[in-house]
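Engineer:
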Amino acid sequence: MARLIANTPCAGLLPKTIGSVSLSEVDAGVVTLVAPFNGQQKAVSDALKSAIGVGFVAPNRCVGTSPRVMWCGMGQALVMGVDCPDLPAQCVDHSDAWAIVRIDGAGADAVLARLTPIDLRASVFKKGHTARTLIGHMTGGITRLGAQSFEVMVMRSMAATLVHELVQAAENMDARAGLSA
Amino acid sequence: MRLPCPLCGDRDRREFYYQGHAVALDRPARDAGDGAWDDYLHNRDNIAGEVRDLWHHEAGCGAWIEVTRNTVTHVVSGARLVRGTAK
Chain V
14 MARLIANTPC
24 AGLLPKTIGS
34 VSLSEVDAGV
44 VTLVAPFNGQ
54 QKAVSDALKS
64 AIGVGFVAPN
74 RCVGTSPRVM
84 WCGMGQALVM
94 GVDCPDLPAQ
104 CVDHSDAWAI
114 VRIDGAGADA
124 VLARLTPIDL
134 RASVFKKGHT
144 ARTLIGHMTG
154 GITRLGAQSF
164 EVMVMRSMAA
174 TLVHELVQAA
184 ENMDARAGLS
194 A
Chain H
82 MRLPCPLCGD
92 RDRREFYYQG
102 HAVALDRPAR
112 DAGDGAWDDY
122 LHNRDNIAGE
132 VRDLWHHEAG
142 CGAWIEVTRN
152 TVTHVVSGAR
162 LVRGTAK
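Line by line, the protein sequences give chains V and H. Residues in the first sequence are numbered consecutively from 14, following this note's numbering. Residues in the second sequence are numbered consecutively from 82, following this note's numbering.
Encoded structure:
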């Protein structure tokens, strides 16, 4: 019988530290995409709150740590880190579907600013905010975890490209810092 | 150019796909006649001034939005979600 080896999306690619920035993979555990049926968003939110302690989220928001609920498009959210309860919603298993990379350290925002067109300033994009946007040429999500700490996610098929883009941007920023030192 | 997505806020034009005039939201009745259907399917005015266009926030929230934009001054004066408005 074949011996199958389970790998995370970025296995063999991360972690990496480049200058002041470190890249590491996030294992979100069980992930479920929840899309409430028409008019059922409040019912979904109430059911989620009583089952896992976090309700359905407003657009561009991410609530909780583990479990947490992350908005991911119009009428959709990801329930992460917990088995999804029964809900009046379309629920799709997304476990292992996302490559999630955490980027920490001074200048993490400057690295991301090379890859995404959104406004990442802390006064606009705060802790607990999430955005669906472009990362290089890929569609993905960016979530702020702290002052210089972000999570970047794309579908798993693009994991290697995501790591490549982040590493390239971080190396460029590091090289530039070396020039002016 | 930045477009004001009602869900995501001001976003770069690169995140959007351009569909065309928002006439697509005003589908004529089945028996409206050839003229009305011809206009709906094929005929578009090349307006100098305020236009209503459909854009898809494909690299964002996935919503279709109707953006009001002035082709003379390039001012983007507003946007609304298409969801729930089509007849």
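Glycine residues also receive a C-beta, built at the ideal position from the N, C-alpha and C atoms. Bear in mind the structure is a predicted one, so any value in this text is a computation, not a measurement.
1. Consult DSSP for E184 of chain V and reduce its assignment to one of helix, strand or coil.
2. Taking only the alpha-carbon atoms, compute the straight-line gap between A117 of chain H and P109 of chain H and give it to the nearest angstrom.
3. Going straight from the alpha carbon of L88 of chain H to that of V137 of chain V, what length do you get?
4. Along the chain, where does the alpha helix (DSSP H) containing G116 of chain H start, and where does it finish?
5. Check the Cβ-Cβ distances between E139 of chain H and every residue of chain V, and say whether any is below 9 angstroms.
6. Might you give, ordered along the chain, the residues of its own chain that have their beta carbon closer than 6 angstroms to the beta carbon of D122 of chain V, omitting 5 neighbours on each side?
7. Alpha carbon to alpha carbon, what distance is there between R157 of chain V and S33 of chain V?
8. Across the stretch 104 to 115 of chain V and the stretch 37 to 57 of chain V, are there enough close Cβ pairs to call them in contact, namely three or more that are closer than 8 angstroms?
9. Distance, Cα to Cα, T143 of chain V vs V124 of chain V?
10. Answer yes or no: does any C-beta atom of chain V fall closer than 9 angstroms to that of E147 of chain H?
11. Kindly indicate which residue of V:V47, V:I31 and V:K140 has the alpha-carbon position closest to the one of A108 of chain V.
12. State buried or exposed for H138 of chain H, treating a residue as buried only when at least 16 other CB atoms are found within 10 Å of its CB.
13. Nearest chain V C-beta to L106 of chain H closer than 9 angstroms, yes or no?
14. Please list, in chain order, the residues of the stretch 145 to 159 of chain V that have any C-beta partner in chain H closer than 7 angstroms.
15. Determine, using beta carbons only, whether K29 of chain V and V165 of chain V come nearer to each other than 9 angstroms.
16. Thinking C-beta only, is V43 of chain V closer than 9 angstroms to C97 of chain V?
17. Comparing the C-beta of Q53 of chain V with each C-beta of chain H, is any distance below 9 angstroms?
18. When DSSP labels each residue in this structure, what does V132 of chain H get in the three-state scheme?
19. Give a yes or no on whether the minimum CB-CB distance between I113 of chain V and chain H is below 9 angstroms.
Structural biologist: If we stick to the structure as given:
1. Reading the first sequence from its first residue, position 171 is the one you call residue 184 of chain V. Note: E184 of chain V maps to helix in three-state DSSP.
2. Along the second sequence, one-based indexing puts residue 117 of chain H at 36. Along the second sequence, one-based indexing puts residue 109 of chain H at 28. Rounded to the nearest angstrom, the two C-alpha atoms are 7 angstroms apart.
3. Counted from its first residue, the second sequence places residue 88 of chain H at position 7. Counted from its first residue, the first sequence places residue 137 of chain V at position 124. One Cα belongs to L88 of chain H, the other to V137 of chain V, and the distance between them is close to 15 angstroms.
4. Translated into the one-based positions of the second sequence, residue 116 of chain H becomes position 35. For G116 of chain H, the enclosing alpha helix (DSSP H) covers residues D115 to L122.
5. The residue labelled residue 139 of chain H in the question sits at position 58 within the second sequence. For E139 of chain H, the answer is yes, since a Cβ of chain V falls inside 9 angstroms of its Cβ.
6. Residue numbering aside, residue 122 of chain V sits at position 109 when the first sequence is read from its first letter. Residues L133 of the same chain have their beta carbon placed closer than 6 angstroms to that of D122 of chain V, with the five preceding and five following residues left out of the count.
7. The residue you call residue 33 of chain V lines up with position 20 of the first sequence. The residue you call residue 157 of chain V lines up with position 144 of the first sequence. About 18 angstroms.
8. The stretch 104 to 115 of chain V makes contact with the stretch 37 to 57 of chain V: 3 or more CB pairs, one atom from each, lie closer than 8 angstroms.
9. Indexing the first sequence from 1 puts residue 143 of chain V at position 130. Indexing the first sequence from 1 puts residue 124 of chain V at position 111. About 17 angstroms.
10. Locating residue 147 of chain H in the second sequence gives position 66, counting from the first residue. Not a single CB atom of chain V sits nearer than 9 angstroms to the CB of E147 of chain H.
11. Translated into the one-based positions of the first sequence, residue 108 of chain V becomes position 95. Before going further, note that residue 108 of chain V is Ser rather than Ala in the sequence given. The candidate whose alpha carbon is nearest that of S108 of chain V is V:V47.
12. Taking the second sequence and counting its residues from 1, the one referred to as residue 138 of chain H is at position 57. Around the beta carbon of H138 of chain H, a 10 Å sphere encloses 16 or more other beta carbons of the protein chains shown; the residue is thus reported as buried.
13. As a first step, residue 106 of chain H is located in the second sequence; it is residue number 25 there, counting from the start. Not an interface residue.
14. When C-beta distances to chain H are compared with 7 angstroms, the residues of the stretch 145 to 159 of chain V below that value are R145, T146, L147 and T152, in chain order.
15. Taking the first residue of the first sequence as 1, we reach residue 29 of chain V at position 16. Taking the first residue of the first sequence as 1, we reach residue 165 of chain V at position 152. Against a cut-off of 9 angstroms, the Cβ pair of V165 of chain V and K29 of chain V comes out as no contact.
16. Here the question's residue 97 of chain V lines up with position 84 in the first sequence. Here the question's residue 43 of chain V lines up with position 30 in the first sequence. When the beta-carbon positions are compared, C97 of chain V and V43 of chain V come within less than 9 angstroms of each other.
17. Start at 1 with the first residue of the first sequence, and residue 53 of chain V comes out as number 40. Not flagged as an interface residue toward chain H: Q53 of chain V, since no C-beta distance is shorter than 9 angstroms.
18. Along the second sequence, one-based indexing puts residue 132 of chain H at 51. Reduced to three states, the DSSP call for V132 of chain H is strand.
19. Sequence index remark: in the first sequence, residue 113 of chain V carries index 100 (1-based). Not one chain H Cβ lies under 9 angstroms of I113 of chain V.
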